[in-house]
Amino acid sequence: GAVVSQHPSWVICKSGTSVKIECRSLDFQATTMFWYRQFPKQSLMLMATSNEGSKATYEQGVEKDKFLINHASLTLSTLTVTSAHPEDSSFYICSAGEKRIKQGETQYFGPGTRLLVL
Amino acid sequence: GENVEQHPSTLSVQEGDSAVIKCTYSDSASNYFPWYKQELGKGPQLIIDIRSNVGEKKDQRIAVTLNKTAKHFSLHITETQPEDSAVYFCAASELTGGGNKLTFGTGTQLKVEL
């Protein structure tokens, strides 16, 4: 159980185009989803916290107009990188929070999406 | 905000030996401490977690200990195997109104040599 999928797993796009990444919790409902960015040999950097039906909360320094997040249902969140540039090339990973009674919330991660902007 | 430090950054052990990775956190309000294993090109995989109401948790070859007073927690892997080679991240959670926001350590590259 607690499986999170991401699509696509990798994408190459031209500079100036927009790219949408989907994150789905396959076997549980996630009221909260998180989007991270990871550069090679570095830790995960939280970009934003997404709650179903409400606006995402962005971390300091993350441009909300650049990285659009939509959390339309309890099992789906999307991240759209708008007008992508080479410096946006990175490994994007989502996670979904599963709440269990008396155990609080546990985050499960998707497999990640590698974005290369040419 | 929370700050998590992780040591060592790299760790090389012989197969069958034990490996220990240590983390410290700064926010005494943090009450949830997961450990993730990340293989190259993949997303992090939860391997074990501990909540602040217990001091130790074990799952087969993996154990985690927590010292709330000193604000540090450790991952212990016994009888290491080559497939344990990966990057391990510790994290501390600050429970917010929108969910558990994780602050990650900088990661430990574990290499298990034959």
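Residue numbers (our numbering), protein chains in the order written: chain Y, 219 to 336; chain H, 436 to 549.
Glycine included, each C-beta is placed from N, C-alpha and C at the ideal position.
In its chain, beyond the 5 residues on either side, Pro329, Gly330, Thr331, Arg332 have a beta carbon closer than 8 Å to the beta carbon of Ser227 (chain Y).
Each residue's CA atom was taken as its position, placing Leu294 (chain Y) and Ser272 (chain Y) some 13 Å apart. Within chain Y, the residues whose beta carbon sits less than 7 Å from that of Tyr467 (chain H) are Gly322, listed in sequence order. Per DSSP, reduced to three states, the secondary structure at Asp484 (chain H) is strand. Take the alpha-carbon of Cys458 (chain H) and the one of His511 (chain H): they are about 12 Å apart. In chain H, no part has a C-beta under 7 Å from the C-beta of Pro226 (chain Y); the shortest such distance is about 14 Å. The alpha carbon of Asn535 (chain H) has as its nearest neighbour, out of H:Lys493, H:Pro469, H:Asp519, the alpha carbon of H:Pro469. In this structure Gly542 (chain H) is in contact with Val522 (chain H), their Cβ atoms being roughly 5 Å apart against a cut-off of 8 Å. Residue pairing from DSSP places Lys536 (chain H) in a beta bridge opposite H:Glu529. By a beta-carbon distance limit of 8 Å, Cys312 (chain Y) contacts Phe252 (chain Y). Their separation comes to about 7 Å. The C-alpha of Leu244 (chain Y) lies about 20 Å from the C-alpha of Tyr471 (chain H). Runs of the beta strand (DSSP E) lying entirely within the region 227-271 of chain Y, each at least 3 residues long, are 228-231, 237-243, 250-256, 262-269 in chain order.
Residue nearest to Phe309 (chain Y) within the set Y:Asp283, Y:Glu316, Y:Met265, Y:Glu323 is Y:Met265 (criterion: CA-CA distance).
Flagged as an interface residue toward chain Y: Pro479 (chain H), by a C-beta distance shorter than 9 Å. Close partners of Phe524 (chain H) in chain Y (Cβ separation under 9 Å): Ser261, Leu262. Counting along the chain, Asn502 (chain H) sits inside the beta strand (DSSP E) bounded by residues 497-502.
Under the Cβ criterion (8 Å, minimum of three pairs), the region 477-484 of chain H does not count as touching the region 451-465 of chain H.
Runs of the alpha helix (DSSP H) lying entirely within the region 289-329 of chain Y, each at least 4 residues long, are absent.
Contact with chain Y is found for Phe539 (chain H), since one of that chain's Cβ atoms lies less than 9 Å from the residue's Cβ. Among the residues facing chain Y, Asp494 (chain H) is not included, as its CB has no counterpart in that chain under 9 Å away. Taking 9 Å as the threshold, the shortest C-beta distance from Pro329 (chain Y) to chain H falls below it. Residue range 331-335 is occupied by the beta strand (DSSP E) that includes Thr331 (chain Y).
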